[in-house]
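For reference, the structure discussed in these notes is given below.
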Amino acid sequence: MHYVTFGLPQLHEYGPAFFDYLKLRKQFFVDQLNWPIVHNRNVEMDEYDNPETQYSLVLKEGKVIGGARCIATNTKWGNQTYMVADAFQGQMSDIPCQNMPGAKVSPHVWECSRLVISDDLTDRAERMECLHEIIEGCINITNRNGAGELMALSSVAMLRALRQLGYGVQRLADPYRDRDDGRLYCVMSMPAVSTQQLIAAE
Numbered sequence: 001m002h003y004v005t006f007g008l009p010q011l012h013e014y015g016p017a018f019f020d021y022l023k024l025r026k027q028f029f030v031d032q033l034n035w036p037i038v039h040n041r042n043v044e045m046d047e048y049d050n051p052e053t054q055y056s057l058v059l060k061e062g063k064v065i066g067g068a069r070c071i072a073t074n075t076k077w078g079n080q081t082y083m084v085a086d087a088f089q090g091q092m093s094d095i096p097c098q099n100m101p102g103a104k105v106s107p108h109v110w111e112c113s114r115l116v117i118s119d120d121l122t123d124r125a126e127r128m129e130c131l132h133e134i135i136e137g138c139i140n141i142t143n144r145n146g147a148g149e150l151m152a153l154s155s156v157a158m159l160r161a162l163r164q165l166g167y168g169v170q171r172l173a174d175p176y177r178d179r180d181d182g183r184l185y186c187v188m189s190m191p192a193v194s195t196q197q198l199i200a201a202e
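According to our numbering, the residues represented by the sequence shown are 1 to 202, in order.
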């Protein structure tokens, strides 16, 4: 498996990969977690999927098995900025603003969201490898754009998994329990440094 990165202008270079990623998102966030988010019968897509967004998708034998999206925290698209900031401003009714650390605005900090791994990967080692590839792609995007920090609103379980992979992830605010899926979520941050660089620095 390996990651590919692109934005909306490059969609044509990767065939159906982008829409396959949107299908994975619908299967996980809507069908499994029951999130009340915008979707149709096949895909999930929202206002944070815009021309400023970059994507890190993981392919195995040509099939999309995971992915995430990234956007700079100084981005503004219509009335939206990025997820954590909009939640902090009270624009997202399902996310408690008191559990958001603030609304950082910087080209040097990027937000990662909608991270998903296909249920076709049932082996834990394979799922961890896929997660690693997704994050390495996000780091590549971040570094390529002159930034050095990644942040995300994700599950506490994801924070633990990223630490197991060797990333320096820190929790930025108290966790909260989502009322739709019952899971614990928190805002987290990490240096945008690949595991290869981390190992080399030891």
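The C-beta atom is built at its ideal place from N, Cα and C for all residues, glycine as well.
Endpoints, alpha helix (DSSP H) assigned at residue i
i: Gly137; result: 124–144
i: Thr21; result: The question names Thr, yet the displayed sequence has Tyr at residue 21. Start and end: 17–25.
Secondary structure of residue i, DSSP reduced to three states
i: His12; result: helix
i: Trp98; result: Just to set this straight, residue 98 is Gln in the shown sequence, not Trp. Here Gln98 sits in helix by DSSP.
i: Val105; result: coil
i: Arg163; result: helix
i: Arg203; result: Since the first and last residues shown for the chain are 1 and 202, residue 203 lies out of range.
i: Leu157; result: It should be pointed out that residue 157 corresponds to Ala in this sequence rather than to Leu. Three-state result, Ala157: helix.
i: Gly83; result: For clarity, residue 83 is Met in the given sequence; the question names Gly instead. Three-state result, Met83: helix.
i: Val30; result: helix
i: Gln91; result: coil
In DSSP terms, what residue i is bridged to
i: Ser113; result: Arg69
i: Lys63; result: Lys60
i: Trp77; result: Gln80
i: Leu150; result: Trp110, Met190
i: Gln170; result: Ser189
For residue i, the first and last residue of its enclosing beta strand (DSSP E)
i: Thr5; result: 2–7
i: Ser56; result: 54–60
i: Asp184; result: A small correction: the amino acid at residue 184 is Leu; Asp does not occupy that position in the sequence shown. From DSSP, the beta strand (DSSP E) with Leu184 extends over 184–191.
Inter-residue spacing [alpha-carbon to alpha-carbon] between residue i and residue j
i: Lys26; j: His39; result: 7 Å
i: Phe6; j: Ile139; result: 13 Å
i: Arg183; j: Val30; result: 14 Å
i: Ser118; j: Asn79; result: 32 Å
i: Arg160; j: Asn42; result: 31 Å
i: Met124; j: Lys60; result: It should be noted that the sequence gives Arg, not Met, for residue 124. The alpha-carbon atoms of Arg124 and Lys60 are separated by roughly 16 Å.
i: Cys112; j: Thr122; result: 24 Å
i: Val4; j: His108; result: 22 Å
i: Ser189; j: Asn145; result: 17 Å
How do the segment 15–33 and the segment 54–71 stand: do at least 3 beta-carbon pairs fall below 8 Å, yes or no? yes
For the 8 Å Cβ check, are there 3 or more pairs between the segment 129–141 and the segment 164–181? yes
Is the number of C-beta pairs between the segment 93–103 and the segment 168–187 that are closer than 8 Å three or more? yes
Between the segment 2–18 and the segment 52–67, are three or more C-beta pairs nearer than 8 Å? yes
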